[in-house]
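Chains as they are written, first to last, in this note's numbering: chain A, 2 to 225; chain B, 2 to 225.
We treat Cβ as the ideally placed atom computed from N, Cα and C, and that holds for glycine.
Keep in mind the model is a prediction, meaning the values are calculated, not measured.
Have a look at the structure below, then the notes.
Protein chains: 2
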Amino acid sequence: MKILIADDDPQMLRALRITLGARGYDVVTAADGRAALDAAIESHPDVVVLDLGMPGLTGIEVIEAIRGWSQVPVLVVSGRSESWDKVEALDAGADDYVTKPFSADELLARIRALSRRTPAPADEPTVSFGDVTVDLSSHVVTRDGASVRLTPTEWRILEVLLRHRDKLVTRETLLTEVWGPQYTTDTGYLRLYLSQLRKKLEPEPSAPRYLLTEAGMGYRFTTA
Amino acid sequence: MKILIADDDPQMLRALRITLGARGYDVVTAADGRAALDAAIESHPDVVVLDLGMPGLTGIEVIEAIRGWSQVPVLVVSGRSESWDKVEALDAGADDYVTKPFSADELLARIRALSRRTPAPADEPTVSFGDVTVDLSSHVVTRDGASVRLTPTEWRILEVLLRHRDKLVTRETLLTEVWGPQYTTDTGYLRLYLSQLRKKLEPEPSAPRYLLTEAGMGYRFTTA
DNA sequence: CGGTGACCGTTCGGATTTCGTTAGGACGAG
DNA sequence: CTCGTCCTAACGAAATCCGAACGGTCACCG
Chain A
2 MKILIADDDP QMLRALRITL GARGYDVVTA ADGRAALDAA IESHPDVVVL
52 DLGMPGLTGI EVIEAIRGWS QVPVLVVSGR SESWDKVEAL DAGADDYVTK
102 PFSADELLAR IRALSRRTPA PADEPTVSFG DVTVDLSSHV VTRDGASVRL
152 TPTEWRILEV LLRHRDKLVT RETLLTEVWG PQYTTDTGYL RLYLSQLRKK
202 LEPEPSAPRY LLTEAGMGYR FTTA
Chain B
2 MKILIADDDP QMLRALRITL GARGYDVVTA ADGRAALDAA IESHPDVVVL
52 DLGMPGLTGI EVIEAIRGWS QVPVLVVSGR SESWDKVEAL DAGADDYVTK
102 PFSADELLAR IRALSRRTPA PADEPTVSFG DVTVDLSSHV VTRDGASVRL
152 TPTEWRILEV LLRHRDKLVT RETLLTEVWG PQYTTDTGYL RLYLSQLRKK
202 LEPEPSAPRY LLTEAGMGYR FTTA
């Protein structure tokens with residue numbers, strides 16, 4: 002069970018890491034909103050404990066961003082106890098709201114209650130990288146929450162690359178898988194579709210982070 | 002959305018009934034533990050708001066009894082704010098714990114958060130989008146209150162699309178599900194029926210909002 | 001150091017496929 | 001016969017595919 006803790010107070014972070022770690026939880030930490038988002042994407046936590054008063058992004062923005070691609074339970078921790086703050090956070094997508102100071106026992110019990118509610122997703126047919134998520138089963142691609150439209154050929158190429166994630170896919174493999182066994186040499190259109198995929202999925206299409214080219218060999222998809 | 006409120010304080014009961022009723026919730030009440038259990042069985046609420054300090058059964062016993070047969074979200078309301086009380090209630094199966102006094106807004110937000118988490122019942126007999134309602138079990142479609150008449154083929158197509166909501170349904174799947182396994186390629190009638198369905202269900206048939214087409218791949222029903 | 005060629009990314013535009021829609025005929029039930 | 005449903009045919013519109021060409025980068029070599 003992995004938990005992401007986002008708080009700007011180093012002391013709080015340390016205390017929670019120790020408390021939760023002692024209960025056998027796998028703890029990941031972040032000290033500001035941006036880092037929290039990145040960590041949520043990278044490490045796929047089972048529960049997120051989020052402090053609202055962080056520098057950078059507001060807590061609300063972090064919640065909404067997470068909700069854009071994930072259903073992970075979010076437990077908000079905040080010094081503010083006004084009911085309006087609670088309503089805003091909960092309606093943004095948070096699942097629980099605890100005001101400081103709180104007891105470690107209560108936090109743990111609430112975490113248990115939350116994780117009880119989310120029966121481990123059977124299998125994960127969805128791949129996430131950057132602000133993009135790809136759902137292989139329902140053929141849905143979203144970026145920043147908005148859905149991205151792919152043509153059939155683009156989809157087939159992405160599918161092949163994702164299936165061989167982190168591995169090199171030769172040009173020939175790609176051609177035969179997408180266009181059929183008789184196609185074996187690229188006459189130029191493979192480069193074309195890779196270009197379009199990067200334009201639609203990469204944060205900076207000119208400096209690909211996920212859809213990489215291996216000169217002379219082929220292509221490789223990686224999340225690292 | 003039906004809510005069961007169990008509290009021994011008549012004033013609190015009345016206040017909650019009014020508050021929740023004003024938000025469009027269907028409210029059922031009970032004044033002691035036994036009555037709460039009975040009501041939970043009888044009326045199948047979508048959310049239970051449970052006061053711990055009731056005569057008769059203890060709140061914990063009520064929670065455990067409910068959990069014996071139901072996964073309905075339980076929100077505990079209590080005057081006791083000791084962390085031990087919270088832990089006990091949450092570990093017994095409660096999903097949230099609010100201490101009195103609390104604001105109505107917060108309670109409502111927490112109820113919304115809980116019901117958001119409630120897994121959609123496996124077979125959802127009715128689907129609504131725009132001003133259209135489709136009752137899968139009784140094969141009735143209404144639009145703006147008036148009933149819409151669908152031909153058998155139109156109905157079968159709509160049913161398949163609704164069953165795979167938000168997912169892409171390939172042309173081939175649609176054909177085999179509606180016309181039989183031997184039909185595998187579209188000779189034109191699929192487009193025809195989609196056109197007719199849109200004419201009957203879409204607010205603007207020329208700019209579909211729910212019955213979307215994915216060029217080269219198939220169709221998709223979505224409410225978003 | 002400049003030239004050269006291989007390789008890759010990108011743009012453009014026309015060919016091709018796919019889609020939406022209308023019109024009308026075939027077929028069976030009442 | 002009449003009506004409702006299913007299906008074929010046809011055509012304009014839209015989306016997609018893909019060939020061709022241009023520019024950039026990099027390794028290699030004279």
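Taking GLY25/B as the reference, which of LEU162/B, ILE158/B, ARG113/B and TRP156/B has the closest Cα? ARG113/B
7 Å Cβ shell around GLU203/A - same chain, five flanking residues per side excluded: PRO209, ARG210, TYR211 and LEU212
Is TRP180/A near the ligand ZN, in the sense that its beta carbon is under 8 Å from a heavy atom of that ligand? As far as ligands go, the structure on display features none, and thus does not contain the ligand ZN.
What does a CB cutoff of less than 8 Å around THR59/B pick up in its chain, not counting 5 residues either side in sequence? Correct list, in chain order: GLY34 and LEU53.
Mind pulling the chain A residues with CB within less than 8 Å of LEU169/B? SER139, HIS140 and VAL141
Backbone CA spacing between THR224/A and LYS200/A [nearest angstrom]: Using only the alpha carbons, I get a separation of about 17 Å.
Which residues share a DSSP beta bridge with ALA105/B? Secondary-structure assignment with DSSP links ALA105/B through no beta bridge to anything.
From which residue to which residue does the alpha helix (DSSP H) around TYR98/A run? TYR98/A -> not in any alpha helix (DSSP H); beta strand (DSSP E) instead, spanning 97 to 100.
Which residue or residues does DSSP assign as beta-bridge partners of ARG144/A? VAL133/A and ALA147/A
Contact set between the region 99 to 113 of chain A and chain B, restricted to residues whose Cβ is under 7 Å from the partner: Cβ contacts with chain B come from SER104, ASP106, GLU107, ALA110, ARG111 and ARG113.
How big is the Cα-Cα spacing for ARG164/B and SER138/A? 14 Å
What residue from ASP10/B, ASP96/B and LEU175/B has the CA that sits closest to THR185/B's CA? LEU175/B
Name the chain B residues whose beta carbon is nearer than 7 Å to that of LYS87/A? For LYS87/A, the C-beta contacts it makes with chain B under 7 Å involve GLU107 and ALA110, in order along the chain.
Can you name, in chain order, every residue of its own chain whose Cβ lies under 6 Å from the Cβ of VAL149/B, other than the five neighbours on each side? VAL142 and LYS201
For ALA95/B, return the contacting residues in chain A, with the cut-off set at a CB-CB distance below 8 Å. ALA114
Can you give me the start and stop residues for the alpha helix (DSSP H) that GLY34/A sits inside? Residues 34 to 44.
Going along chain A, which residues have a C-beta under 8 Å from MET55/B? Within 8 Å Cβ-Cβ: nothing; MET55/B doesn't reach chain A, min ~21 Å.
Assuming THR88/A and ALA110/B form a contact by the criterion Cβ under 8 Å, report the distance between their Cβ atoms to the nearest whole angstrom. Note on residue identity: the sequence assigns Val, not Thr, to residue 88/A. The Cβ separation is near 4 Å, so the contact holds.
Interface partners of ALA152/A on chain B, CB under 8 Å: Note on identity: in this sequence residue 152/A is Thr, with Ala being the wrong assignment. By Cβ distance, chain B contributes ALA216 and GLY217.
Range covered by the beta strand (DSSP E) that runs through SER84/A: Unbroken run through SER84/A is the alpha helix (DSSP H), 84 to 93; no beta strand (DSSP E).
Same chain only: Cβ atoms within 6 Å of ASP167/B, ignoring 5 sequence neighbours per side: Contacts found: THR223.
Between SER71/B and chain A, is the shortest Cβ-Cβ distance under 9 Å, so that the two count as touching? no
Beta-carbon contacts of TYR194/A that lie in its chain and below 8 Å, excluding the five residues immediately before and after: In the same chain as TYR194/A, and ignoring 5 residues on each side of it, the C-beta atoms closer than 8 Å to its own belong to THR154, GLU155 and ILE158, in chain order.
Would ARG221/B pass as an interface residue toward chain A - the criterion being a Cβ-Cβ separation below 9 Å? yes
Which chain B residues are close to SER84/A, counting only those with a beta carbon under 7 Å from its beta carbon? SER104, ASP106 and GLU107
Whole-angstrom distance between VAL135/A and ALA147/A, CA atom to CA atom: 12 Å
DSSP on ARG221/B, reduced to helix/strand/coil? strand
Name the two residues that bound the continuous beta strand (DSSP E) containing LYS3/B. 3 to 7
If LEU76/B sits next to ILE64/B, beta carbons under 8 Å apart, how far is it from one beta carbon to the other, in whole angstroms? The pair is not a contact, with the Cβ atoms about 11 Å apart (cut-off 8 Å).
When you compare the CB positions of LEU151/B and LEU191/B, do they come within less than 9 Å of one another, or not? no
Residues that ASP92/B contacts on chain A, provided the C-beta gap is smaller than 9 Å: Under the 9 Å cutoff, chain A gives ALA110, ARG113 and ALA114.
Neighbour flag for THR119/A against chain B, beta carbons, 9 Å: THR119/A counts as touching chain B.
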